[in-house]
Amino acid sequence: ELVSYTKSKKIEFIGTPLSHKLVDLLAKSGCSAFNVNASDLTNPDVLDSVFSSGLPFFLSLPLANMEEIEWTVNRATKSSARNFALLLGQHNMYTGENGVPIADTSLGTIGFLKRHFNLPVGFIDHTSLGWMPSAAVAAGSDIVTKHLAISRSNRGPDWQICLEPNEMQESIANTRLMKISTLSNAK
646 ELVSYTKSKK
656 IEFIGTPLSH
666 KLVDLLAKSG
676 CSAFNVNASD
686 LTNPDVLDSV
696 FSSGLPFFLS
706 LPLANMEEIE
716 WTVNRATKSS
726 ARNFALLLGQ
736 HNMYTGENGV
746 PIADTSLGTI
756 GFLKRHFNLP
766 VGFIDHTSLG
776 WMPSAAVAAG
786 SDIVTKHLAI
796 SRSNRGPDWQ
806 ICLEPNEMQE
816 SIANTRLMKI
826 STLSNAK
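Take 646 as the starting number for the sequence shown in the working numbering and just add one per residue.
Written out as structure tokens, the structure is:
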């Protein structure tokens with residue numbers, strides 16, 4: 646029902662299967678893509694199920710070291726998976742109400758990962774800042790994920806790093822302008 650509802654609203658449904666047993670069900674339900682959670686980055690069962698689905702996928706890198714990333718990317722390419730990207734991020738967002746401190750976002754790593762793996766690289770924004778997606782794009786990010794909440798006053802999951810709808814709209818607009826700026830500078 647959730648996949649059908651999101652599709653009816655012209656929103657792509659990206660599933661994060663926390664078990665290999667969910668991959669086929671999500672794929673058959675019309676899931677557009679998968680996100681391999683950082684906790685499953687070296688889980689062969691989840692990885693192989695996602696790879697064999699034929700759907701695009703993201704590999705979330707928070708908490709991963711270079712050896713784990715290399716192992717997973719090699720496994721993906723050996724399986725003939727080609728339509729995937731890496732997502733850089735941190736999981737120390739609960740150190741305070743502002744999420745990940747700016748100095749710990751490691752935006753400089755985006756360019757390194759792109760050059761090293763020759764893959765698209767994105768940024769999982771665990772800061773509370775509406776301008777951070779623009780900074781990630783300026784650093785070379787191809788994809789940015791950002792948390793959204795109807796209201797932070799509800800203090801639901803990850804409330805401290807969520808943007809409210811009007812803030813998200815402004816963040817998206819600014820990030821799109823930054824993308825245009827980076828493309829014009831590349832010429």
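Even for Gly, the Cβ is constructed at its ideal location relative to N, Cα and C.
As the structure is a computational prediction, the values presented were derived from the model and not from experiment.
Inset, instruction - Report all residues from its chain with a CB closer than 8 Å to the CB of P810; omit the five preceding and five following residues, and keep chain order. - result: Counted from its first residue, the sequence shown places residue 810 at position 165. If the five residues before and after P810 are omitted, its C-beta is found closer than 8 Å to the C-beta atoms of L793, I795, all from its own chain and listed in chain order.
Inset, instruction - Whole angstroms is fine: what's the gap from P765's alpha carbon to R800's? - result: Taking the first residue of the sequence shown as 1, we reach residue 765 at position 120. Taking the first residue of the sequence shown as 1, we reach residue 800 at position 155. C-alpha separation (whole angstroms): 33 Å.
Legend entry - In DSSP terms, what N680 is bridged to: Within the sequence shown, numbered from 1, the residue matching residue 680 stands at position 35. For N680, which the question treats as bridged, DSSP gives the partners F703.
Inset, instruction - Kindly list the residues whose CB is nearer than 7 Å to the CB of T827, restricted to its own chain and excluding five residues on each side of it in sequence; keep chain order. - result: For this step, residue 827 is matched to residue 182 along the sequence shown. Sequence-distant partners of T827 (beyond 5 residues in either direction) whose C-beta falls short of 7 Å from its own C-beta, in its chain, are V782, A783.
Legend entry - Validate contact between the segment 714-724 and the segment 745-757 using beta carbons, cut 8 Å, 3 pairs: Three or more Cβ pairs closer than 8 Å define a contact, and the segment 714-724 falls short of that threshold against the segment 745-757.
Inset, instruction - Name the residue from S816, T820, K791 whose alpha carbon lies nearest to the alpha carbon of I806. - result: Your numbering for residue 806 matches position 161 in the sequence shown. Measuring from the Cα of I806, the nearest candidate turns out to be K791.
Inset, instruction - May I ask which residues mark the beginning and end of the beta strand (DSSP E) holding F768? - result: On the sequence shown, position 123 is the one that residue 768 refers to. For F768, the enclosing beta strand (DSSP E) covers residues 766-770.
Legend entry - Through-space distance from F768 to V789, alpha-carbon basis: Stepping through the sequence shown from its first residue, residue 789 is reached at position 144. Stepping through the sequence shown from its first residue, residue 768 is reached at position 123. Going by the C-alpha atoms only, they are around 5 Å apart.
Legend entry - Cβ pair N688, T661 closer than 7 Å: Taking the first residue of the sequence shown as 1, we reach residue 688 at position 43. Taking the first residue of the sequence shown as 1, we reach residue 661 at position 16. No. Outside cutoff.
Legend entry - Best match in A678, R760, K655 for proximity to S697 [C-alpha to C-alpha]: As a working mapping, residue 697 is identified with position 52 in the sequence shown. Of the listed residues, the one whose Cα sits closest to S697 is A678.
Legend entry - Selection from D685, N682, S694 that minimises the alpha carbon distance to E673: If you number the sequence shown from 1, residue 673 lands on position 28. In the sequence as presented, Glu is not what sits at residue 673; that position holds Lys. Nearest C-alpha to K673 among D685, N682, S694: S694.
Inset, instruction - Starting from L731, follow the beta strand (DSSP E) in both directions and report where the run begins and ends. - result: Counting from 1 along the sequence shown, the entry for residue 731 is found at position 86. Run containing L731: 729-734, per the beta strand (DSSP E) assignment.
Inset, instruction - Report the residue from F702, T820, Q735 whose alpha carbon sits nearest the alpha carbon of F729. - result: Taking the first residue of the sequence shown as 1, we reach residue 729 at position 84. The residue with the shortest Cα to Cα distance from F729 is F702.
Inset, instruction - State the Cα-Cα distance for the pair N710 and I825, rounded to the nearest angstrom. - result: In the sequence shown, residue 710 corresponds to position 65, counting from 1. In the sequence shown, residue 825 corresponds to position 180, counting from 1. Distance between the alpha carbons of N710 and I825 is about 32 Å.
Legend entry - Which of helix, strand or coil DSSP assigns to L793: The count along the sequence shown starts at 1 and reaches residue 793 at position 148. In this structure, L793 counts as strand in the three-state DSSP scheme.
Legend entry - Same chain, Cβ closer than 6 Å to S684, neighbours up to 5 away in sequence not counted: Along the sequence shown, read from residue 1 onward, the residue named residue 684 stands at position 39. Excluding the 5 residues flanking it on each side, S684 has no same chain C-beta neighbour closer than 6 Å.
Legend entry - Through-space distance from L671 to Y648, alpha-carbon basis: Here residue 648 refers to the residue found at position 3 of the sequence shown. Here residue 671 refers to the residue found at position 26 of the sequence shown. It is Val, not Tyr, that sits at residue 648 in the sequence shown. Our two residues, V648 and L671, have alpha carbons roughly 8 Å apart in a direct line.
Inset, instruction - Could you check the C-alpha separation between S816 and P778 for me, to the nearest Å? - result: Your numbering for residue 816 matches position 171 in the sequence shown. Your numbering for residue 778 matches position 133 in the sequence shown. Approximately 7 Å between the Cα atoms of the pair.
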